[in-house]
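**Q** Numbering (full-length UniProt numbering), first residue to last: 1 to 232.
No residue lacks a Cβ here, since even glycine has one placed at the ideal position from N, Cα and C.
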């Protein structure tokens with residue numbers, strides 16, 4: 001039995017009133033890595049009331065679990081306002097949970113995920129753009145030419161959006177988070193569609209120091225380094 005399946009079984013064996021204690025005990029925190037598999041299991045078995053309670057909890061791990069579950073249900077209009085808010089939450093694990101949840105949605109309906117990331121990449125908030133980039137640039141979701149094209153487009157749009165900010169603003173944490181995501185997400189998107197992806201990636205102007213950094217970071221990734229070497 002896979003870890004996620006085991007966590008689902010354990011959660012279902014407990015009364016909902018016991019979930020808070022159980023999630024806290026098995027969160028993996030404090031520590032370098034939170035228990036993502038348990039959070040995804042929560043997303044599979046929780047109902048709307050449990051999700052709402054978790055997302056509004058001050059505990060970071062409970063909020064993370066609720067956010068993953070909310071993202072997985074983001075096709076529901078009732079989930080979008082809260083999920084958009086959580087994309088720029090002050091807690092980085094909650095922000096990451098937005099992307100994880102949206103990827104779960106993409107597993108079920110890529111079209112629903114596509115609509116969300118296409119809307120979010122045009123958002124004024126760099127953290128919302130970052131959520132769009134991180135959500136779509138997941139290898140398991142990019143197995144068709146169309147999906148890969150969406151990921152490349154999202155990377156390109158968010159990179160352009162970053163360059164529109166004045167240099168004096170680039171030190172903002174939200175912009176640094178977006179830059180960091182682009183520092184690896186381009187390589188994921190390009191690897192999914194090497195021909196069109198390399199063309200878009202190699203067309204990035206490097207006069208902007210942040211774009212130059214993004215290019216350099218991606219070129220360090222083996223999946224892209226190998227492709228560039230092959231194309232040379």
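Measure the Cβ-Cβ separation of residue 61 and residue 104 and say whether it is below 7 Å.
**A** Cβ atoms of residue 61 and residue 104: not closer than 7 Å.
**Q** Considering residue 155, what are the terminal residues of the alpha helix (DSSP H) in which it resides?
**A** 145 to 163
**Q** Given residue 142, which residues of its chain have a CB within under 6 Å of its CB, disregarding the five upstream and five downstream residues?
**A** 148, 151 and 192
**Q** What number of angstroms, rounded off, separates the C-alpha of residue 84 from the C-alpha of residue 160?
**A** 21 Å
**Q** Distance, Cα to Cα, residue 9 vs residue 97?
**A** Going from the Cα of residue 9 to the Cα of residue 97 covers about 22 Å.
**Q** Just the Cα atoms here: how many angstroms apart are residue 156 and residue 16?
**A** In this structure, the straight-line span from the alpha carbon of residue 156 to that of residue 16 is close to 43 Å.
**Q** If I'm right that residue 120 touches residue 131 with Cβ under 8 Å, what's the distance once you round it to whole angstroms?
**A** That belief holds up - the Cβ atoms of residue 120 and residue 131 are roughly 6 Å apart, short of 8 Å.
**Q** Roughly how many whole angstroms lie between the Cα atoms of residue 32 and residue 25?
**A** 15 Å
**Q** For residue 44, which residues in the same chain have their Cβ closer than 6 Å to its Cβ, ignoring the five residues on either side in sequence?
**A** 8
**Q** Smallest Cα separation from residue 198: which of 181, 226 and 50?
**A** 226
**Q** Could you tell me whether the Cβ atoms of residue 34 and residue 93 are closer together than 7 Å?
**A** yes
**Q** Secondary structure at residue 183, three-state DSSP: helix, strand or coil?
**A** helix
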